[in-house]
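Asker: Taking mature numbering (1 follows the signal peptide of the UniProt record, and there is no 0), I'd label the letters of the sequence shown as residues -20 to -1, 1 to 154.
For every residue, glycine included, the Cβ atom is placed at its ideal position computed from N, Cα and C.
Since we're looking at a predicted model, the values are computed, not measured.
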Amino acid sequence: MRASTFIAGLVVSGASLGLALPNHQVGLARDVADDCSERSKSSTYWTIDELVLKVYDWDNGGSMGTFGFRSYYSATDTTVECMVQDVDLAKLADGPWLKCNNSGTEFRFDFTDISLAIKETWTCAGDPGQVFSASSSGMIMLHGCLDSNTEKGVESDCHLMEFEMGANVTSSAT
């Protein structure tokens, strides 16, 4: 989590409150809405964790399965969940972008390379006329899989390492 710097004050539900001192009025250094724009214009990253990869009959060329992850994006200070289930994982890399549970975040998974591409689009409350877009891609480290027999076939439940990806951010005025 990102720590905020205060001169003196408190933020409650996006409103800034000042702290009254004898003969002094001290407020927040800047408005909360401005933080979004400032974060969006600085170096940003995604933290990818809670990865899920389950593949049926992988040893025999199977590619049906489940892929998912949780993503925290520093520019928007949001966490989303992204998941596809019972799909042909081999077709995800060249298919359409898949939506996460936040409509501004989408991803692609490359089953052959075990890699992830992610992109996000957003606006900030303090500057709704400016649209930000970010994208990144990276390899996922596969630590191994545990195979078990299921009604769908041999399920390979794979352990993937969490990681961070730096974002390439662009912006445009609407």
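Could you check if residue 85 is buried or exposed, using at least 16 other CB atoms within 10 Å of its CB as the buried criterion?
Answerer: Here residue 85 is taken as the residue at index 105 of the sequence shown, counted from 1. Its Cβ being crowded by 16 or more others within 10 Å, residue 85 is buried.
Asker: Locate the beta strand (DSSP E) running through residue 146, then write down its first and last residues.
Answerer: Numbered from its first residue, the sequence shown carries residue 146 at position 166. Unbroken beta strand (DSSP E) run through residue 146: 143 to 146.
Asker: Hey, quick one: how far does the beta strand (DSSP E) through residue 99 stretch, first residue to last?
Answerer: Counting from one through the sequence shown, the residue named residue 99 turns up at place 119. 95 to 104 is the span of the beta strand (DSSP E), which, as asked, contains residue 99.
Asker: At the level of alpha carbons, what is the spacing between residue 60 and residue 133?
Answerer: Counting from one through the sequence shown, the residue named residue 60 turns up at place 80. Counting from one through the sequence shown, the residue named residue 133 turns up at place 153. Cα to Cα, the separation comes out at about 30 Å.
Asker: I need the straight-line Cα distance from residue 128 to residue 36, nearest angstrom please.
Answerer: Along the sequence shown, read from residue 1 onward, the residue named residue 128 stands at position 148. Along the sequence shown, read from residue 1 onward, the residue named residue 36 stands at position 56. Taking the straight line joining both Cα atoms gives about 10 Å.
Asker: For residue 39 and residue 152, I'd like the C-alpha separation in whole angstroms.
Answerer: Sequence index remark: in the sequence shown, residue 39 carries index 59 (1-based). Sequence index remark: in the sequence shown, residue 152 carries index 172 (1-based). Approximately 47 Å between the Cα atoms of the pair.
Asker: Quick one: complete beta strand (DSSP E) runs, 3+ long, within the stretch 32 to 79?
Answerer: Counting only runs of 3 or more, we get 44 to 53 and 58 to 68.
Asker: My guess is that residue 114 and residue 55 are in contact by the Cβ rule of under 8 Å, so how many angstroms apart are they, rounded?
Answerer: Numbered from its first residue, the sequence shown carries residue 114 at position 134. Numbered from its first residue, the sequence shown carries residue 55 at position 75. Indeed they touch by this definition, with Cβ atoms about 6 Å apart.
Asker: Beta carbon of residue 144, beta carbon of residue 24: below 8 Å?
Answerer: Your numbering for residue 144 matches position 164 in the sequence shown. Your numbering for residue 24 matches position 44 in the sequence shown. Not closer than 8 Å, so no.
Asker: Compare the beta carbon distance of residue 117 and residue 96 with 8 Å and say whether it is the shorter of the two.
Answerer: For this step, residue 117 is matched to residue 137 along the sequence shown. For this step, residue 96 is matched to residue 116 along the sequence shown. Yes; because the gap between Cβ atoms is below 8 Å, this pair is in contact.
Asker: Taking the beta strand (DSSP E) that residue 129 belongs to, which residues open and close that run?
Answerer: Position 149 of the sequence shown holds residue 129. Where residue 129 is concerned, the enclosing beta strand (DSSP E) stretches over 122 to 130.
Asker: Pull up the distance between the alpha-carbon of residue 147 and that of residue 65, whole angstroms please.
Answerer: Within the sequence shown, numbered from 1, the residue matching residue 147 stands at position 167. Within the sequence shown, numbered from 1, the residue matching residue 65 stands at position 85. Roughly 26 Å between the two C-alpha positions.
Asker: Output the distance between the C-alpha atoms of residue 15 and residue 22, rounded to the nearest integer angstrom.
Answerer: Along the sequence shown, read from residue 1 onward, the residue named residue 15 stands at position 35. Along the sequence shown, read from residue 1 onward, the residue named residue 22 stands at position 42. The straight-line gap from Cα to Cα measures roughly 11 Å.
Asker: Under the rule that 16 or more other beta-carbon atoms within 10 Å means buried, what is residue 45, buried or exposed?
Answerer: If you number the sequence shown from 1, residue 45 lands on position 65. It counts as buried.
Asker: How many whole angstroms separate the CB atoms of residue 98 and residue 51, which I take to be in contact at a CB cut-off of 8 Å?
Answerer: In the sequence shown, the residue the question calls residue 98 occupies position 118. In the sequence shown, the residue the question calls residue 51 occupies position 71. About 7 Å; that satisfies the 8 Å criterion.
Asker: Keeping to the same chain, check which residues put their C-beta closer than 6 Å to that of residue -17; ignore five residues upstream and five downstream.
Answerer: Sequence index remark: in the sequence shown, residue -17 carries index 4 (1-based). Bear in mind that the predicted position of residue -17 carries a pLDDT of just 34, short of 50, making it too unreliable to give a figure here.
Asker: Using three-state DSSP, classify residue 171 as helix, strand or coil.
Answerer: Here the chain covers residues -20 to 154 and nothing more, so residue 171 does not appear.
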